[in-house]
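Down below is the structure, laid out as structure tokens.
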Amino acid sequence: MALSFNWCFIVPRRCCYRWGRYRVNLRVESSLNVESIFYLPVRPTIDISIKDYVEIYDYEIEALTLVHYEGLTIDEAAVRMNLSKSTFWRILEQVRFKLAKALSEHKPIKIVSTKQRPQELTQ
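Structure (structure tokens):
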């Protein structure tokens with residue numbers, strides 16, 4: 027009986043250059059059926075009523091920005107946000123999960139500010 031090989035996982039192969047440098051050829055095939063979609067920031071209006079969305083808070087975006095955009099370590103980013111490393115790590119994992127869910131399920135992303143109170147609480 028012959029073993030079947032799943033061709034979607036192709037083993038990277040080295041290509042040798044003249045001076046001994048190597049390059050890795052890697053072809054990755056995705057199992058997701060993704061179309062060309064734009065994620066555009068839009069201010070909420072009365073006409074738009076979206077019921078199923080993913081909420082991301084401003085402190086989660088700050089944690090994501092410090093680590094992935096500015097290139098800080100977990101320790102440095104936690105100190106900058108005045109949090110413990112474990113709390114910072116939980117926030118970072120939470121925002122990664124939310125972003126992956128929103129992108130894979132094509133859900134809109136709502137960014138919520140914790141600095142402003144909702145209107146019903148201020149009245």
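Residue 27 is where the sequence shown starts when you use the numbering used here, and the numbers rise one by one after that. Just so you know, even glycine gets a beta-carbon here, dropped at the ideal spot from N, CA and C.
Helix, strand or coil at residue i according to DSSP, with G and I counted as helix
i      : result
Gln145 : A caution first: Gln145 carries a pLDDT of 49, below 50, which makes its placement in the model too unreliable to give a value.
Leu121 : One point to set straight first is that residue 121 is Val, not Leu, in the sequence displayed. It is helical.
Leu98  : coil
Lys136 : strand
Glu88  : helix
Val68  : coil
Pick from the options that is closest to residue i, judged by C-alpha positions
i      : options                          : result
Phe114 : Tyr85, Lys141, Ser139 and Phe123 : Tyr85
Arg106 : Val121, Leu90 and Glu119         : Leu90
Beta-carbon contacts of residue i that lie in its chain and below 6 Å, excluding the five residues immediately before and after
i     : result
Leu98 : Leu92
7 Å Cβ shell around residue i - same chain, five flanking residues per side excluded
i      : result
Ala104 : Ser110, Lys111 and Phe114
Own chain partners of residue i with C-beta closer than 8 Å, once the 5 adjacent residues on each side are dropped
i      : result
Ile117 : Tyr85, Glu86, Ala89 and Leu109
For the region 76–90 against the region 119–133, are there 3 or more C-beta pairs whose distance is under 8 Å?
With the cut-off at 8 Å, the region 76–90 and the region 119–133 touch.
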